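Some notes on the structure that comes next.
There are 2 protein chains.
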Amino acid sequence: MASLVSARRTLRQGETLFRDGDRFVALYAVRTGFLKTHIGGRDGRDQVTAFQMAGDLLGLDGVASERHTCNAVALEDSQVCMIPYAGLESLCREVPGLLRQFHRVMGREIVRDQRTMLLLAGMRAEERLAAFILNLTSRLRARGFSAVAVVLRMSREEIGSFLGLKLETVSRTFSKLQDAGILDVRQRHVRVVDADALQWIVDGGASHRGRTSA
Amino acid sequence: MASLVSARRTLRQGETLFRDGDRFVALYAVRTGFLKTHIGGRDGRDQVTAFQMAGDLLGLDGVASERHTCNAVALEDSQVCMIPYAGLESLCREVPGLLRQFHRVMGREIVRDQRTMLLLAGMRAEERLAAFILNLTSRLRARGFSAVAVVLRMSREEIGSFLGLKLETVSRTFSKLQDAGILDVRQRHVRVVDADALQWIVDGGASHRGRTSA
DNA sequence: CGTGTCTTTGAAGCGAGTCAATCAGGGTGG
DNA sequence: CCACCCTGATTGACTCGCTTCAAAGACACG
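Listed in order, the protein sequences are those of chains A and B.
In my numbering, each residue's number is its place in the first sequence (first place is 1) plus 306.
In my numbering, each residue's number is its place in the second sequence (first place is 1) plus 306.
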């Protein structure tokens with residue numbers, strides 16, 4: 307797998323890795339830093355589709371049509387590994403297990419997107435933000451970082467875009483969670499005080515949705 | 307590709323093809339009929355993730371973890387082809403082009419899900435329903451069916467679940483589009499009177515969002 | 001130290017949700 | 001063949017949560 311990495315690319319904060327419409331030639335694995343992908347609707351619409359941190363993969367959106375269908379931008383200085391798609395494909399034919407491995411990665415992307423759809427379709431602001439924070443902290447934990455003290459790399463507007471909320475609502479909801487003693491929010495520095503409460507909110511505990519199957 | 311189809315399965319309306327948690331062994335191509343896939347949240351949450359008609363593929367959700375993560379149910383009597391995943395994988399190694407082909411299919415699923423996310427995150431009820439109808443009719447047209455006179459195979463509640471709306475809102479929005487002379491709705495029979503108007507709504511024309519980039 | 005960007009907070013408006021009643025069909029059994 | 005019933009669809013009135021518009025506050029930068 308390592309033999310595939312043909313090049314590394316360093317991105318400054320705000321720099322674009324690839325754009326909607328760009329020819330799809332490679333996937334990118336994040337080595338360090340923090341990125342976002344977003345789709346720009348023709349009118350004012352623009353939605354963040356995902357945030358990527360070290361270890362995450364970008365670019366699968368381009369597999370379908372040989373062209374990327376979203377934009378990838380670095381939210382802080384970052385470094386990515388380039389994985390040429392043609393090489394990956396031919397290697398899949400030779401190396402046993404790699405094919406399966408790659409399919410799992412694509413499958414995970416599908417499952418993740420569907421979970422996001424669930425969030426966008428059915429949750430209220432408080433639940434969305436709680437789910438977002440839990441997702442972020444669990445990913446940080448898996449990478450050996452603190453899951454308690456988090457520095458958000460994205461703006462309120464970007465969080466809102468991802469969660470289908472307006473930036474004011476995000477800000478207000480942060481404040482609400484702080485007042486409830488669940489989070490400690492100071493600008494982009496967030497401390498998770500009560501992770502269980504966050505989970506309880508995500509599970510619908512905060513709304514009277516509790517009955518077993520109605 | 308045809309050599310892969312090991313078996314056909316006939317489903318009666320309401321019958322389940324696979325369930326969340328089922329072992330993933332095969333993909334399914336719809337031959338005839340109409341299905342839905344939905345995820346059941348632990349509490350009352352339950353969301354339709356997609357509707358499938360002839361030619362569509364089901365089951366990609368299981369690739370990631372060897373288990374399905376959603377339920378597939380027939381909305382009318384249907385017939386599906388079973389494509390064993392193990393066989394597909396090994397065939398991908400032998401038949402040139404098949405690998406690429408399969409990756410495109412997975413890629414399309416990713417792109418489709420992201421478009422749905424865009425819909426759920428940013429559109430209002432009227433826009434969502436218009437997009438839904440246009441999507442349905444374009445798929446029907448591609449299959450040689452009428453793109454004007456449509457019979458909905460799913461209930462208002464299922465439409466609402468897919469679009470992140472309540473069934474009453476779906477019903478009301480249908481009525482609104484009928485009053486506007488854009489649709490002719492009689493229960494589950496829908497006639498598209500003005501497809502351009504639907505597209506205009508999807509593009510944000512109905513809300514004063516029209517300025518080029520604000 | 002100003003200046004611009006991002007964030008927080010307030011007040012008012014509106015769209016979708018909720019609760020509830022009625023209506024339309026489809027199927028069943030008398 | 002028709003009356004009945006059950007499910008799904010429509011419509012209305014009211015509520016609530018998110019958005020919108022507006023203003024002030026917090027930092028980061030030159």
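Glycine included, C-beta positions come from ideal geometry on N, C-alpha and C.
In this text the structure is predicted, and so the values were computed from the model without any measurement.
Using a CB distance below 8 Å, the part of the region 351 to 374 of chain A facing chain B consists of Arg351, Gln353, Thr355, Leu366, Asp367, Gly368, Val369, Ala370 and Ser371, ordered along the chain. In this structure, Glu395(B) sits near Leu405(A), with a CB-CB distance shorter than 9 Å.
The continuous alpha helix (DSSP H) containing Gln484(A) extends over residues Leu473 to Asp485.
With 16 or more other Cβ atoms from the protein chains shown falling within 10 Å of its own Cβ, Gly510(B) counts as buried.
With respect to Gln353(A), Ser467(A) sits close: the two C-beta atoms are nearer than 9 Å.
Ser444(A) and Asp383(B) have their alpha carbons spaced roughly 43 Å apart. In its chain, beyond the 5 residues on either side, Arg494 and Val496 have a beta carbon closer than 7 Å to the beta carbon of Leu458(B).
Judged by DSSP in its simplified three-state form, Ala378(A) adopts strand. Exposed is the label assigned to Glu400(A), since fewer than 16 other Cβ atoms lie within 10 Å of its Cβ.
When DSSP assignments are scanned along the region 409 to 443 of chain A, no uninterrupted stretch of beta strand (DSSP E) that is 3 or more residues long falls wholly within it. In this structure the region 325 to 332 of chain A touches the region 364 to 376 of chain A; the number of beta carbon pairs closer than 8 Å is three or more. Within the DSSP bridge table, the entry for Phe330(A) names no partner. Taking the Cβ atoms as the reference, Asp367(B) lies roughly 18 Å from Gln407(A), outside the contact range of under 8 Å.
Each residue's CA atom was taken as its position, placing Leu317(A) and Gln385(A) some 6 Å apart. A direct Cα-Cα distance of roughly 46 Å separates Gln319(A) from Glu474(B).
Within chain B, the residues placing a beta-carbon under 7 Å from that of Ala427(A) are Gln353, Leu426 and Gly470, ordered along the chain. For Asp352(B), the three-state secondary structure derived from DSSP is strand. Between Gln385(A) and chain B, the shortest Cβ-Cβ separation is not below 9 Å. Put simply, the CB of Gly413(B) is near chain A, with a gap under 9 Å to one of its CB atoms. DSSP, reduced to helix, strand and coil, places Ala370(A) outside both helices and strands of the structure shown, so it counts as coil.
By the CB criterion at 9 Å, Ala380(A) and Thr322(A) fall inside the cutoff. Taking the Cβ atoms as the reference, Ile416(A) lies roughly 20 Å from Phe438(A), outside the contact range of under 8 Å.
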